[in-house]
Amino acid sequence: MNNVNRYEKGIENITKLSGEQSTFHDVKGILKDISPRLSDLFVSFAFGDVYSGEELTLQQRELLTISTLVTQGGCDLQLKAHTESALKVGCTKEEIIETIIHLSPYIGFPRVLNGMLASHEVIQKFEDDAA
1 MNNVNRYEKG
11 IENITKLSGE
21 QSTFHDVKGI
31 LKDISPRLSD
41 LFVSFAFGDV
51 YSGEELTLQQ
61 RELLTISTLV
71 TQGGCDLQLK
81 AHTESALKVG
91 CTKEEIIETI
101 IHLSPYIGFP
111 RVLNGMLASH
121 EVIQKFEDDA
131 A
C-alpha cells in the first residue's frame, strides 16, 4: 500500500471508529499544525497499517487498545477516545469493564482504578447521550 492509500485507509478507519467529528480527527488536525510528519504517522501507520489487519475485528482491536492504555497509565485522553470508539463499534459497557478488571492481577489496582474511572466517565456520557 503506498503512502496516499495508507493515509486514506487511516482516515477511513478513524471515521469507522469515531464518526466524522471526534477526538481522533481533532488530534489529527492539531498534530498537523504542530508536526505534519507526526500527523501523517498517526493516521497512516496507526490507523492505515495497524488497524487494517483482517485477523482482528474493530471491537477486538479497541478492547486490546483499552487494555494497553490502562496498562501504560497516564493515557487518559487516548483511553477516553478509545473507550468511546469501542462503544461506537459495538463493544458493550460490560465488555469494556471486564477487560479493565481482567488487568488487575497483572498491573495492580491503582492503574485499574484510574483506567476504570476514565472509561466510566465516557460510558456514562455515551449512555446519557443515547437516552
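Numbered according to full-length UniProt numbering, the sequence shown spans residues 1 to 131.
Heads up, the beta-carbon is just placed ideally off N, CA and C, and yes, glycines get one too.
Secondary structure of residue i, DSSP reduced to three states
i, result
"residue 54", "coil"
"residue 92", "coil"
"residue 20", "coil"
"residue 73", "coil"
Residue range of the alpha helix (DSSP H) that includes residue i
i, result
"residue 103", "Neither: residue 103 is in no alpha helix (DSSP H) and is coded neither H nor E."
"residue 122", "109 to 130"
"residue 39", "36 to 41"
Contacts around residue i, its chain only, beta-carbon distance under 6 Å, and the 5 residues preceding and following it disregarded
i, result
"residue 134", "No answer is possible for residue 134: it lies beyond the span of the chain, which begins at 1 and ends at 131."
"residue 116", "100"
Cutoff 7 Å; reference residue i; Cβ partners in own chain excluding five residues on either side
i, result
"residue 122", "80, 83 and 84"
"residue 91", "59, 62 and 63"
"residue 34", "none"
"residue 67", "99 and 103"
"residue 41", "none"
"residue 52", "9 and 13"
Own chain residues within Cβ distance below 8 Å of residue i, not counting five before or after
i, result
"residue 112", "70, 100, 101, 103 and 104"
"residue 19", "88"
"residue 4", "none"
Review point. Counting Cβ pairs closer than 8 Å, one from the region 8 to 23 and one from the region 42 to 51, do we hit at least three?
Key: yes
For the region 29 to 38 against the region 54 to 66, are there 3 or more C-beta pairs whose distance is under 8 Å?
-> no
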